[in-house]
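Colleague: Starting off with a structure, shown below.
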Amino acid sequence: MLFWKAERRASCCVWMKFLRLVVMLSSLCVLITGYTDSDRAHILMSRSPLIDGHNDLALRLRILHNNRLSQVDLHHVSKVATDISRLKAGHVQAQMFSVYVMCGAQEKDAVRLTLEQIDVVRRMCSEYKELELVTSTQELRGSEKKKTIACLISIEGGHSIDSSLPALRMFYQLGVRSMALTHTCNTPWAESSSKHYNVYQRENNSLTQFGRAVVDEMNRLGMIVDLSHSSWDTALAVLNQSMAPVIFSHSSSYSICKHCRNVPDLLLHALKKNGGLIMVNLHSGFISCNNAANISLVADHFDHIKTVIGPESIGIGGDFDGVDSFPLGLEDVSKYPALIQELLQRNWSEPELTGVLRMNFLRVFEEVEKVRDKLHSKLPSEVQIPHKEVQNPCRMVLRRPGPPGQPSIHSLHSSAQHGPPVTNSLEILTIVLLLSTLLGL
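Count the sequence shown with the working numbering and you get residues 37 to 477, in order.
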């Protein structure tokens, strides 16, 4: 009996120790789980750093410093949401920098202004050792291995090429690898989602013949077609036209926030068929349709798009420095880990998030390059837009000038294009002179 009691006491002691160990391990697991919510996001992003589809730092450098890089230290820049230190903190390994000029420059000096914006991006990505200009997927992968922040250049708005395929090709030579077909204004050949500018209004003509030629030439060059800011009709026409995958570089879900800049499910399905990518915009106005938003609502956009077309069609295009209002907790580029943490808490898998962070964009860019390689034997397009479609008084028509003191052929042509018909006025004047002669006046 004594032996049995002693054995029982020993058994109870072992059991109590086991229970204490279980409690300690459980407590430790709770502690680890709470810590991992943030830590897992940083670890994941360290392994798969972000390729961000849209950033307007170059615009802020023009507004605040007139592109004088000597006045700023890009490691720490005030009054902006982007600098080198914050890009590193946010695990941003590649940034698509927008070279944007306002729509008011259309028919004026948009090409010059775009060149100046390309210049400032090229300068900042060559004058700072942490940054590196890249123009291909091979260079993009190489920059990750070198631990530099890759700079990709994107034109935001087709008005920057002044309806000229040669200008498009020259921009490609300067390193541009993506172009949005419109911004907040129509171009002579594509339609904007915005109604801010009452220019180039057309009925049922969202992508003209020249617009299709622009898409074809971008495919031939290996330049990514960007449909953010395009109207839904234009987007659908491009998705039917393009041989290569396209992107919405900074757009969100219309089902969550019914804003014209967002993408409806119908277009998401067409995008899936195209093999393209929607890179979710973080601007509060596109997330909540007002200036108040939070990370949870941003994640709702990701969840919805994932449900409709799958995680392999999703990326991130923050739009930092392009707008002023961002969700609480996502105020600048350093805060991206908070978004990834939220998605992890919503049971997004690490492979899915690796795709969202970079692999999905790399896949699309590689497909664009493959289409380019297939079209390598195709000569540069010589399609020109008809003058009547451009209606640009600043567009010169090359003609020999007229005799001194006489209107030049160019002047007559321009007036005929953009003002009262000169030929009709001359005809009326001739008739008046003949009548005067006949009547003896």
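All C-beta atoms, glycine included, are put in the ideal place defined by N, C-alpha and C. As the structure is a prediction and not an experimental result, all values here were calculated from the model.
1. Quick one: grab the DSSP three-state call for V59.
2. Please classify S413 as buried or exposed, where buried requires at least 16 neighbouring CB atoms within 10 angstroms.
3. What does the Cβ neighbour count give for F39, buried or exposed, with the cut at 16 atoms within 10 Å?
4. What's the C-alpha gap between R382 and T343?
5. In whole angstroms, give me the CA-to-CA distance for H219 and A328.
6. Along the chain, which unbroken stretches of the beta strand (DSSP E) at least 3 residues long are found entirely within the stretch 281-317?
7. Output the distance between the C-alpha atoms of P363 and L375, rounded to the nearest integer angstrom.
8. Buried or exposed, going by whether 16 or more other CB atoms sit within 10 Å of the CB of C430?
9. Whole-angstrom Cβ separation of Q153 and N91, contact assumed at under 8 Å?
10. Cβ of L318 within 9 Å of Cβ of G354?
11. Could you check where the beta strand (DSSP E) with R213 kicks off and where it finishes?
12. Would you mind sorting S82 into buried or exposed? The rule is 16 or more other CB atoms within 10 Å of its CB.
13. Quick one, are the C-beta atoms of M215 and M254 less than 9 Å apart?
14. Less than 8 Å between C-beta atoms, sequence neighbours within five positions excluded: which residues of the same chain meet that for P373?
15. Using only the alpha-carbon positions, how far apart do L448 and Q420 sit?
16. Following the continuous beta strand (DSSP E) through F133, name the residue where it begins and the one where it ends.
17. What does the alpha-carbon distance come out to for the pair N241 and G391?
18. Any chance the CB of A141 is under 8 Å from a heavy atom of the ligand FMN?
19. Would D336 be called buried (16 or more neighbouring beta carbons within 10 Å of its own) or exposed?
20. Please report the straight-line C-alpha distance between E386 and Q377, rounded to a whole angstrom.
21. Within 10 angstroms of its Cβ, does V274 collect 16 or more other Cβ (buried), or is it exposed?
22. Can at least three beta-carbon pairs, one atom from the stretch 292-307 and one from the stretch 243-258, be found at a separation below 8 Å?
23. Could you spell out where the alpha helix (DSSP H) holding A203 opens and where it closes?
24. I'd like the list of long-range same chain contacts for L167, defined as Cβ closer than 6 Å, with 5 residues on each side in sequence excluded.
25. So, are the CB atoms of E348 and N396 less than 9 Å apart?
26. Give me the DSSP bridge partner(s) of F356.
27. Is the CB-CB distance between G258 and A226 below 9 Å?
28. Using beta-carbon positions only, say whether R159 and L217 come within less than 9 Å of one another.
29. Find the nearest neighbour of H305 within the set D88, S324, L272, C325, judged by alpha-carbon distance.
30. Once you ignore the five residues that flank T244 on each side, which residues in its own chain have a CB closer than 6 Å to its CB?
31. Tell whether a beta-carbon distance below 9 Å holds between Y136 and E192.
32. In terms of residues, what are the limits of the alpha helix (DSSP H) holding I120?
33. According to DSSP, E192 sits in a beta bridge with which residue or residues?
34. Could you tell me which whole beta strand (DSSP E) segments of length 3 or greater appear in the stretch 156-194?
35. Quick one, which of L379, C325, V426 has its alpha-carbon nearest E143's?
36. For S134, which of K124, A94, S121, V261 has the nearest alpha-carbon?
Modeller: On the basis of the supplied data:
1. Note on V59: pLDDT 38, under 50, position unreliable in the model; no value is reported.
2. Counting Cβ neighbours within 10 Å, S413 comes out exposed, since fewer than 16 surround it.
3. With a pLDDT of only 41 at F39, under the threshold of 50, the placement of this residue in the model should not be trusted, and no figure is reported.
4. It is roughly 13 Å from the alpha-carbon of R382 to the alpha-carbon of T343.
5. C-alpha separation (whole angstroms): 24 Å.
6. Correct list: 313-316.
7. P363 and L375 have their C-alpha atoms some 10 Å from each other.
8. C430 counts as exposed, since fewer than 16 other C-beta atoms from the protein chains shown sit within 10 angstroms of its C-beta.
9. Taking 8 Å as the upper bound for CB-CB distance, Q153 and N91 are not in contact here, some 13 Å apart.
10. Yes, the Cβ-Cβ distance between L318 and G354 is below 9 Å.
11. Looking at the DSSP string, the run of the beta strand (DSSP E) that includes R213 is 212-216.
12. By the neighbour-count rule (16 or more Cβ atoms within 10 Å), S82 is not buried but exposed.
13. In this structure, M254 lies closer than 9 Å to M215 by Cβ.
14. The answer, listed in chain order, is S74, A77, H78, M81, G126, H127.
15. Interpretation of L448 is limited by its pLDDT of 37, a score under 50 that renders its predicted location unreliable; the figure taken from the coordinates is listed afterwards. About 21 Å.
16. 128-135 is the span of the beta strand (DSSP E), which, as asked, contains F133.
17. Going from the Cα of N241 to the Cα of G391 covers about 36 Å.
18. This structure lacks the ligand FMN, and indeed carries no ligand of any kind.
19. Buried is the call here.
20. Distance between the alpha carbons of E386 and Q377: 11 Å.
21. Residue environment analysis places V274 among the buried positions, since at least 16 neighbouring C-beta atoms fall within 10 angstroms of its C-beta.
22. No, they do not touch.
23. Element bounds for A203: 201-209.
24. Within its own chain, the residues whose Cβ lies closer than 6 Å to the Cβ of L167, once the five positions on either side in sequence are excluded, are C161, I185, C187, listed in chain order.
25. Inclusion of E348 and N396 in the CB contact set at 9 Å is warranted, their separation being smaller than that value.
26. Note: F356 sits in a beta bridge opposite N91, V359.
27. Not closer than 9 Å, so no.
28. Contact: no.
29. Measuring from the Cα of H305, the nearest candidate turns out to be L272.
30. Correct list, in chain order: W225.
31. Going by beta carbons, Y136 and E192 fall inside the 9 Å limit.
32. Here the alpha helix (DSSP H) through I120 covers 120-125.
33. Per DSSP, A216.
34. Listed in chain order, the complete beta strand (DSSP E) runs (minimum 3 residues) inside the stretch 156-194 are 167-169, 185-192.
35. Looking from the CA of E143, the closest CA among L379, C325, V426 belongs to V426.
36. Nearest C-alpha to S134: A94.
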